[in-house]
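Remarks on the structure that follows.
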Amino acid sequence: MKQKEIKQKDNLDQQEKPVAKKIKKNEANPAEEYEVVETMLTADFYKAGVVELAQKLIGKIIVRQLPQGEVRAIIVETEAYKAPEDKACHAYNNKKTDRTKYFWQDGGHLYVYSIYGNNYCLNITAATKDDPEAVLIRAVQPLSFDIIKEIRKTKSTKVQDLSNGPGKCGGCLLLDKSHNGLNLCDQKSGMYLIDNKKQYEIGVSARINIDYAEEWKDKPWRFYVKNNSFVSKG
DNA sequence: GTTGGGATTATCT
DNA sequence: GATAATCCCAACG
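Using UniProt numbering, you'd call the opening residue of the first sequence number 1 and step up by one each time.
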């Protein structure tokens, strides 16, 4: 149904288009009232403990510069992973491998891991380099719609399928393991977060698909925007 | 060098 | 909602 609006105009006149207005046409629950602050979030923001940071990240806007243009999306779902004690965390018990070593960075860096083939999941480190903690970005709401559609190449007619899952978020942003360690506070990275003053109603639940984590699987460390259709199914 | 499973997704019925 | 796909990665030898 909405597919027609999605696939129209792949190029041409794509300058000066009001992004929020575009979303409004395509999504039943648009973020049309969001209030961007066009300043890169700095290292102080990411110094918070991982559970606090997971909450603070809800509503923030990810910006990534690509050859195709600038990708923007609102974070609508996160999960906190906190080693060494958290059995769900890849760095549980301070397990440090080639994959997990990126946990040991100051807050505001990326940890990207691959899973089930060509899926790359995006994490943002919290606290300091001595704290192996990171926030998994499980879902975002696209703002720069045309570019994301072009990048993701999904055949689905549901706009939500562009970004309602952790692997899909990595796909939207064209991330892979080469982006491990990227600094979100460094202007040269071409990727950063900006603030959004809109207040969202935030839901809390246990984390998803970590049944192996025993007593840690029930921790209320998942946060999401209530009534937002881009939140993952779980 | 081989193996087994995963913080998932796409594509069916 | 069920299942196949798909490949990286860590844990063995």
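Each residue gets a CB set at the ideal place from its N, CA and C atoms; glycine is no exception. Only a predicted model underlies this, so the values are computations on that prediction, with no experimental measurement involved.
Residue i versus residue j: straight-line alpha-carbon distance, rounded
i	j	result
K129	V50	12 angstroms
S189	R72	15 angstroms
D156	Y113	Before going further, note that residue 156 is Ser rather than Asp in the sequence given. Distance between the alpha carbons of S156 and Y113: 25 angstroms.
D176	L110	11 angstroms
A213	I62	29 angstroms
A28	N118	Any answer about A28 is weak, because its pLDDT of 49 lies below 50 and its placement is not dependable; what the coordinates show is given next. Cα to Cα, the separation comes out at about 30 angstroms.
K101	A91	8 angstroms
E33	Q199	10 angstroms
G203	L66	32 angstroms
P84	W221	16 angstroms
Residue of the options minimising C-alpha distance to residue i
i	options	result
D106	V159, K149, L182	L182
L162	K177, K226, D146	D146
S229	W221, I58, A139, L175	A139
E201	S232, L66, G59, E150	G59
D211	M191, R64, F223, G234	G234
V225	K56, N93, Y192, K168	K56
N180	I151, F103, D195	F103
Residue environment, residue i, which counts as buried when at least 16 other CB atoms sit within 10 Å
i	result
T116	Contrary to the premise, residue 116 reads as Tyr rather than Thr in this sequence. The residue in question, Y116, is exposed, as its Cβ has fewer than 16 Cβ neighbours within 10 Å.
P142	buried
K197	exposed
R38	A quick correction: the sequence has Glu, not Arg, at residue 38. Counting Cβ neighbours within 10 Å, E38 comes out exposed, since fewer than 16 surround it.
G170	buried
Q68	exposed
L219	Note that residue 219 is Lys in the sequence shown, not Leu. With 16 or more other Cβ atoms within 10 Å, it is buried.
T125	buried
G165	buried
D44	exposed
E133	buried
N94	exposed
residue 247	Here the chain covers residues 1 to 234 and nothing more, so residue 247 does not appear.
K24	Its pLDDT being 41, under 50, K24 is placed unreliably by the model, and the measurement read from it follows with that caveat. Its Cβ having fewer than 16 others within 10 Å, K24 is exposed.
K168	buried
E16	Because the pLDDT at E16 is just 34, under 50, the model does not fix this residue reliably, and the point stays unresolved.
D98	exposed
DSSP beta-bridge partners of residue i
i	result
A54	According to DSSP, A54 bridges with nothing at all.
V36	N196
H109	N183
Q65	E70
D208	A quick correction: the sequence has Ile, not Asp, at residue 208. The partner list for I208 (beta bridge, DSSP) is empty, contrary to what the question assumes.
(message) Across the segment 205-220 and the segment 74-89, are there enough close Cβ pairs to call them in contact, namely three or more that are closer than 8 angstroms?
(response) yes
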